[in-house]
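Asker: I have a structure here, written as structure tokens, and I will follow up with some questions on it.
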Amino acid sequence: MELYFLDENFSHISGPVDFFTSVVWSERYFEVGTFTLHFPRVHLPEVLEAVYVSTSAAEGEIKCGRIDYIITGEDGDCEIGGRMLESLLSDRVIYGSETLCGNIDEIVAYVVERNMRDFDFIIGESESVGGDTTVMYDWDDLAEWLYSILRPFGASFTVKLDPESGKPVFRVVNGKNRTVESSLETGIEPAIFSSSFENVSSIDIETESGGMKNFVYVEGKDGTVVTVDQSEGIRIREMYYSAKDIAPTAYLTAELYQEALAARGRSVLSKYKKSLSVSAECDVTALPRYGADYALGDICDVADSETGLSFELRVSGVDTVWENGSVTVFPLFGEERDYIGKLKNQLKLQ
Numbered sequence: 003m004e005l006y007f008l009d010e011n012f013s014h015i016s017g018p019v020d021f022f023t024s025v026v027w028s029e030r031y032f033e034v035g036t037f038t039l040h041f042p043r044v045h046l047p048e049v050l051e052a053v054y055v056s057t058s059a060a061e062g063e064i065k066c067g068r069i070d071y072i073i074t075g076e077d078g079d080c081e082i083g084g085r086m087l088e089s090l091l092s093d094r095v096i097y098g099s100e101t102l103c104g105n106i107d108e109i110v111a112y113v114v115e116r117n118m119r120d121f122d123f124i125i126g127e128s129e130s131v132g133g134d135t136t137v138m139y140d141w142d143d144l145a146e147w148l149y150s151i152l153r154p155f156g157a158s159f160t161v162k163l164d165p166e167s168g169k170p171v172f173r174v175v176n177g178k179n180r181t182v183e184s185s186l187e188t189g190i191e192p193a194i195f196s197s198s199f200e201n202v203s204s205i206d207i208e209t210e211s212g213g214m215k216n217f218v219y220v221e222g223k224d225g226t227v228v229t230v231d232q233s234e235g236i237r238i239r240e241m242y243y244s245a246k247d248i249a250p251t252a253y254l255t256a257e258l259y260q261e262a263l264a265a266r267g268r269s270v271l272s273k274y275k276k277s278l279s280v281s282a283e284c285d286v287t288a289l290p291r292y293g294a295d296y297a298l299g300d301i302c303d304v305a306d307s308e309t310g311l312s313f314e315l316r317v318s319g320v321d322t323v324w325e326n327g328s329v330t331v332f333p334l335f336g337e338e339r340d341y342i343g344k345l346k347n348q349l350k351l352q
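Per the working numbering, the very first residue in the sequence shown carries number 3; after that it's consecutive.
So this is what it looks like as structure tokens:
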């Protein structure tokens with residue numbers, strides 16, 4: 003793997019370089035990803051002034067992240083770490099407060115264009131999310147706001163470095179359903195991960211349902227209460243949410259006001275799902291191949307022959323690990339394990 007070091011304007015400072023002992027790119031669908039690099043301390047002067055680090059375009063889609071820290075160790079090793087380019091939107095606060103009603107695609111384009119302000123970037127061709135919604139912002143972090151409004155639709159966004167212009171490109175992405183059952187209708191090539199197919203060497207499964215909620219009472223500023231029921235025939239687990247920031251005076255009709263409360267309820271419940279996390283270890287030479295046969299956000303079939311369990315799960319993260327000249331891919335399906343850990347800690351405090 004060859005890497006390039008870039009300045010604040012994404013211009014080359016040094017590279018290509020290949021003196022790294024290990025590189026880990028941790029890409030995530032519903033949150034900003036991270037990266038870590040290890041290299042001999044003697045090369046520290048070559049990277050000290052860098053702001054970004056990226057892979058070569060010759061290796062496929064460019065992976066690029068902003069350097070947040072550099073650590074030197076006593077054993078002659080150095081570590082560089084940081085976050086992927088989606089963090090650029092974390093630098094921006096959505097200016098002011100506003101309630102927006104309409105098509106989710108148009109709302110996202112409007113808010114992003116308005117709030118990136120003087121930053122030199124490109125809004126690329128996005129995948130359609132579809133559907134109408136009612137959302138609001140109140141001086142929110144732009145990246146967190148985007149994740150929160152796109153997640154109920156199963157969508158997210160990416161920021162990638164364009165090799166031709168050298169500028170970051172923003173896109174909304176909407177994962178494809180690559181399960182066998184869906185492929186019979188859509189014709190999309192399925193992606194199956196199973197030890198019996200010999201394309202994964204290990205599968206780890208973790209579930210957590212203690213904090214799951216499927217029914218919410220949402221109360222607006224004037225005391226109006228709207229309910230959102232996502233129980234789908236199972237035992238109801240209720241919660242209450244105060245939406246005092248949503249007022250009827252901001253809407254033309256009572257129906258639009260109630261839909262705004264319902265949209266908030268759906269967004270809240272998306273954070274209280276039953277958590278299922280499955281991680282796998284894949285050989286990069288085995289099918290399906292990351293970036294070619296499946297991508298972040300796609301829904302795939304995952305099966306464990308030892309337990310006999312099978313799932314249809316979204317690819318929520320991918321760790322690409324380069325070490326000692328070999329590459330291993332670790333796809334993560336379902337909820338982040340960090341999320342499950344946080345949920346466990348919350349339950350302990352209750």
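Idealized CB from N, CA, C, for every residue including glycine.
Mind checking Asp139: buried by the 16 CB within 10 Å criterion, or exposed?
Answerer: Checking the displayed sequence, the identity of residue 139 turns out to be Tyr instead of Asp. It counts as buried.
Asker: From the DSSP output, read off the bridge partner residues of Phe271.
Answerer: According to the sequence as given, residue 271 is Leu; it is not Phe. Its beta-bridge partners do not exist; DSSP assigns none.
Asker: Please classify Tyr71: is it buried, with 16 or more other beta-carbons within 10 angstroms of its beta-carbon, or exposed?
Answerer: The residue is exposed, with fewer than 16 neighbouring Cβ atoms inside 10 Å.
Asker: Can you round the beta-carbon distance between Phe41 and Phe22 to whole angstroms, since I take them to be within the 8 Å contact cut?
Answerer: Going by Cβ atoms, the distance from Phe41 to Phe22 rounds to 5 Å, so yes, they are a contact pair.
Asker: May I have the straight-line CA-CA distance separating Lys350 from Phe121, to the nearest angstrom?
Answerer: Confidence is the limiting factor: at Lys350 the pLDDT is only 43, short of 50, which leaves the residue's position unreliable and the question unanswerable from this model.
Asker: In whole angstroms, give me the CA-to-CA distance for Trp141 and Ile96.
Answerer: Using only the alpha carbons, I get a separation of about 5 Å.
Asker: Any chance the region 218 to 233 sits against the region 267 to 277, with 3 or more Cβ pairs inside 8 Å?
Answerer: Yes, the region 218 to 233 is in contact with the region 267 to 277.
Asker: Since Val171 and Asp164 are thought to touch, with beta carbons under 8 Å apart, how far apart are those beta carbons, to the nearest angstrom?
Answerer: Yes, they are in contact, since the Cβ atoms of Val171 and Asp164 sit about 5 Å apart, within 8 Å.
Asker: Do the region 327 to 335 and the region 282 to 297 make contact, defined as three or more Cβ pairs closer than 8 Å?
Answerer: At 8 Å Cβ cutoff, the stretches touch.
Asker: What residues are listed by DSSP as bridge partners for Glu314?
Answerer: According to DSSP, Glu314 bridges with Asp303.
Asker: Do Lys223 and Arg239 have their C-beta atoms within less than 9 Å of each other?
Answerer: The answer is no: Cβ separation not under 9 Å.
Asker: My understanding is that Phe195 touches Val323, with C-beta atoms under 8 Å, so please give their C-beta distance in whole angstroms.
Answerer: Not a contact, Cβ separation roughly 17 Å.
Asker: Would you tell me roughly how many angstroms separate the C-alpha atoms of Asn179 and Asp206, rounded to the nearest one?
Answerer: Looking at the two C-alpha atoms, the distance is approximately 22 Å.
Asker: Would you identify the three-state DSSP class for Leu351, choosing helix, strand or coil?
Answerer: Legend: pLDDT at Leu351 = 41, less than 50; position of this residue unreliable, value from coordinates given subsequently. Three-state DSSP puts Leu351 in a helix.
Asker: For Ile106, which residues in the same chain have their Cβ closer than 6 Å to its Cβ, ignoring the five residues on either side in sequence?
Answerer: Cβ within range, chain order: Val131, Gly133 and Thr135.
Asker: Kindly indicate the opening and closing residues of the beta strand (DSSP E) around Leu46.
Answerer: Not the beta strand (DSSP E): Leu46 falls in the alpha helix (DSSP H), residues Leu46 to Val49.
Asker: Within the continuous alpha helix (DSSP H) that includes Ile73, where are the two ends?
Answerer: Per DSSP, Ile73 belongs to no alpha helix (DSSP H); it is in the beta strand (DSSP E), Cys66 to Thr74.
Asker: For a quick check, are the C-beta atoms of Cys103 and Leu258 less than 9 Å apart?
Answerer: Cβ distance < 9 Å, so Cys103 and Leu258 count as in contact.
Asker: Identify, in the order they occur along the chain, each residue of the same chain with its Cβ nearer than 6 Å to the Cβ of Cys431, setting aside the five sequence neighbours on each side.
Answerer: Shown here, the chain extends from 3 to 352; a query on residue 431 therefore has no answer.
Asker: Are the Cβ atoms of Ser58 and Glu100 separated by less than 9 Å?
Answerer: Not a contact, by the Cβ cut-off of 9 Å.
Asker: At what residues does the alpha helix (DSSP H) containing Glu81 begin and finish?
Answerer: Note, Glu81: premise wrong, no alpha helix (DSSP H); beta strand (DSSP E) at Asp79 to Met86.
Asker: Find the nearest neighbour of Tyr54 within the set Glu61, Gly62, His45 and Leu39, judged by alpha-carbon distance.
Answerer: Ranking Glu61, Gly62, His45 and Leu39 by Cα distance to Tyr54 puts Leu39 first.
Asker: Classify Gly78 as buried or exposed, calling it buried when 16 or more other Cβ atoms lie within 10 Å of its own Cβ.
Answerer: Exposed, because fewer than 16 other Cβ atoms sit within 10 Å of the Cβ of Gly78.
Asker: Excluding five sequence neighbours on each side, which residues of the same chain lie with their C-beta closer than 6 Å to the C-beta of Phe7?
Answerer: Result list for Phe7: Ile15, Ser16, Gly17, Val49, Ala52 and Val55, in chain order.
Asker: With a threshold of 6 Å on Cβ separation, who are the neighbours of Asp9 within its own chain once the five nearest residues in sequence on each side are excluded?
Answerer: So the list reads Ile15 and Val53, once near-sequence residues are dropped.
Asker: Within 10 angstroms of the Cβ of Asp20, are there 16 or more other Cβ atoms? Answer buried if so, exposed if not.
Answerer: Classification of Asp20: exposed, given that the 10 Å Cβ count is below 16.
Asker: Does Trp141 come out as helix, strand or coil in the three-state DSSP assignment?
Answerer: Of the three classes helix, strand and coil, the one that applies to Trp141 here is coil, per DSSP.
Asker: Using the three-state DSSP reduction, which class does Thr136 fall into: helix, strand or coil?
Answerer: Reduced to three states, the DSSP call for Thr136 is strand.
Asker: Looking at the structure shown, is Ile109 part of a helix, part of a strand, or coil, going by DSSP?
Answerer: Here Ile109 sits in helix by DSSP.
Asker: Helix, strand or coil for Leu298? Go by DSSP, reduced to three states.
Answerer: If DSSP states are grouped into helix, strand and coil, Leu298 belongs with coil.
Asker: Per DSSP, which residues does Val220 bridge with? Please list them.
Answerer: Partner(s): Val228 and Tyr243.
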